[in-house]
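Numbering (numbering that gives the first Met the number 0), first residue to last: 0 to 335.
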Amino acid sequence: MTAAVTGGTGFIGQVLVKKLLDQGQAIRLITRRCSSARPGQESGAEIVRADLNRVDSLIAALNGCRQVYHLAALAKNYDPEPANFYRVNVEGFRSLLEASLATGVKRVVFVSSSVVKGPSRLGQVSEDSSRDDIPFFTDYEKSKALAETIIPGYLERGLEVVIARPTRVYGPGQLTEANSVTRLIIGYLKYRTCLLLDHGREIGNYVYVDDVADGLQLMMERGRPGEDYILGGENVSLHEFYRQLEEVSGRKAFKLKIGSPLAMMVAKLETLKARWFGLYPFITTSWVKTFLENWAYSHQKASEELGYQPRSLRQGLQLTCDWLGYLNKKTEMVRN
0 MTAAVTGGTG
10 FIGQVLVKKL
20 LDQGQAIRLI
30 TRRCSSARPG
40 QESGAEIVRA
50 DLNRVDSLIA
60 ALNGCRQVYH
70 LAALAKNYDP
80 EPANFYRVNV
90 EGFRSLLEAS
100 LATGVKRVVF
110 VSSSVVKGPS
120 RLGQVSEDSS
130 RDDIPFFTDY
140 EKSKALAETI
150 IPGYLERGLE
160 VVIARPTRVY
170 GPGQLTEANS
180 VTRLIIGYLK
190 YRTCLLLDHG
200 REIGNYVYVD
210 DVADGLQLMM
220 ERGRPGEDYI
230 LGGENVSLHE
240 FYRQLEEVSG
250 RKAFKLKIGS
260 PLAMMVAKLE
270 TLKARWFGLY
280 PFITTSWVKT
290 FLENWAYSHQ
300 KASEELGYQP
310 RSLRQGLQLT
320 CDWLGYLNKK
330 TEMVRN
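Below you can see the structure in the form of structure tokens.
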């Protein structure tokens, strides 16, 4: 049985595809026509070009598949045309679901995001938590939430759709915006500098990329249609994150503490730079607001229903530092 993967050339996608291929799974990578991926690049995966916003194109690409991992998305801090988030993340997803029904696909694992559930203002966020009146901070966040609203209609038509909610993913792989946490790790290790917004007090949930890939496979095998599963790891403050990184790597770094007013001012200037000169902004006001919130999440549901078992932040950092060549050899590589 062939499984299709969209977004399989991205950060999480590459790890997932490798795992599936290593297990003998037949894989069809559905890539954009402008993608740089080449046949044979993924060691045995079939590569098919398709347009996410053309149902006929996707029908041809999905023919013969019974499972789909949908990771393709516009996941950026900024886009000069905000409507692109809706076009790719909502309408593109709708096209994929229509094509799935037309070709007899049985199950779709849709990679959404944990941020759709909102920040953790009253304890840890779970799948049962409600966002209530908290507004969306980014166009990406809003588009992912809108994409989820179309799922019930497809469940009624017989398509099994399961929703994955990864948290802050890090680890070896492409150094894209999807792997921004690892880019922070590199900045700390290579340049001995790290930024602490609001003294690094806010909580985030960090999960190693291999654990997310394992979780997606478990969802394909055991996830209940219509249900969502948080694929998270450990909840720590940014200050604690860097403390563990220092311990694991054996390297100290200068901690530059930035207050929220200064961060907002820089973000506004970066946004103006993007609008006036077409240069990509380092940060936006929406993302500053995001990082000034707590994002503590529980993966209890995934653990109980799927057998999901993420590793500790310490071990994930050890593996990442080892990959980058900065592992403190005095640290012990153990799974906590």
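Built from N, CA and C at the ideal position, the CB exists for glycine as well. Please read these numbers as outputs of a predicted model, since none were measured by experiment.
Local Cβ density within 10 Å of residue i, reported as buried at 16 or more and exposed below that
i	result
Ala82	exposed
Met264	exposed
Val14	buried
Pro260	exposed
Met218	buried
Thr319	buried
Trp286	buried
Trp322	exposed
Gly39	In this prediction, Gly39 scores a pLDDT of 42, lower than 50, which makes its location untrustworthy; the coordinate-derived value is nonetheless stated afterwards. Gly39 comes out exposed.
Asn113	Here the sequence assigns Ser to residue 113, which means Asn is not the residue at that position. Classification for Ser113: buried.
Arg37	No answer about Arg37 holds up, because its pLDDT of 49 lies below 50 and its placement is not dependable.
Asp55	exposed
Glu303	exposed
Arg27	buried
Phe240	buried
Tyr153	buried
Leu255	exposed
Asp132	exposed
Phe253	exposed
His198	exposed
Glu155	exposed
Tyr279	exposed
Pro309	buried
Pro151	exposed
Leu121	exposed
Gln216	buried
Leu158	buried
Proximity to residue i [Cα-Cα], best of the options
i	options	result
Leu61	Asn88, Pro280, Val104, Leu244	Val104
Asp227	Phe109, Gly9, Tyr77, Asp78	Phe109
Leu24	Thr1, Gly6, Val235	Here residue 24 is Gln; the residue named in the question, Leu, does not match the sequence. Of Thr1, Gly6, Val235, the residue nearest in Cα terms is Thr1.
Ile282	Glu246, Arg120, Leu196, Leu326	Leu196
Trp275	Val67, Ala72, Pro79	Pro79
Tyr85	Lys288, Ala49, Ala144	Ala144
His238	Asp209, Leu19, Leu194, Pro280	Leu194
Gly9	Asp138, Ala212, Thr102	Ala212
Val16	Thr289, Pro280, Lys267, Gly172	Gly172
Asn234	Ser99, Pro118, Ser94, Arg27	Pro118
Gly315	Tyr169, Ser142, Glu246, Ala252	Tyr169
Arg221	Thr270, Ile29, Ala98, Val107	Val107
Ala59	Leu73, Thr102, Tyr68	Thr102
Arg93	Gly122, Asp127, Leu51	Leu51
Leu19	Leu183, Val67, Arg31	Val67
Gln317	Arg242, Leu96, Lys300, Thr284	Arg242
Ala71	Ser111, Arg53, Gly12, Gly6	Gly6
Ile29	Pro134, Ala98, Gln22	Ala98
Phe186	Lys300, Leu95, Glu245	Before going on, a small fix: residue 186 reads as Gly here, not Phe. Nearest of Lys300, Leu95, Glu245 to Gly186, Cα basis: Glu245.
Gly258	Leu271, Leu268, Leu291, Lys300	Leu291
Leu96	Leu268, His69, Asn178	His69
Cβ-Cβ separation, residue j to residue i (assumed contact under 8 angstroms), whole Å
i	j	result
Tyr296	Val124	5 angstroms
Val206	Leu230	6 angstroms
Gly214	Tyr307	5 angstroms
Val115	Glu140	6 angstroms
Val160	Gly225	7 angstroms
Ala49	Leu57	5 angstroms
Asn76	Glu201	17 angstroms between Cβ atoms; not a contact.
Ala146	Asn88	5 angstroms
Tyr325	Ser248	5 angstroms
Ala266	Thr284	4 angstroms
Arg250	Leu188	6 angstroms
Ile162	Ser111	5 angstroms
Ile11	Val180	No, Ile11 and Val180 are not in contact; Cβ-Cβ is about 12 angstroms, not under 8 angstroms.
Thr137	Thr289	7 angstroms
Residue i (DSSP reduced to helix, strand or coil)
i	result
Leu318	helix
Ser236	strand
Lys143	helix
Gly231	coil
Val107	strand
Thr30	strand
Ile162	strand
Thr8	coil
Gln13	helix
Ile185	helix
Thr1	strand
Chain B within 7 angstroms of residue i, Cβ atoms only
i	result
His69	In summary, chain B is missing from the structure at hand, where a single protein chain is found.
field: Complete beta strand (DSSP E) runs within the region 234 to 305 (minimum length 3 residues, chain order)
entry: DSSP runs (the beta strand (DSSP E)) wholly in the region 234 to 305: 253 to 257.
field: Continuous beta strand (DSSP E) assignments of at least 3 residues falling wholly in the region 38 to 114
entry: For the region 38 to 114, the continuous beta strand (DSSP E) assignments of 3+ residues that do not extend past its boundaries occur at 45 to 48, 64 to 69, 106 to 110, in sequence order.
Uninterrupted alpha helix (DSSP H) stretches inside the region 167 to 211 (no shorter than 4 residues): Correct list: 179 to 190.
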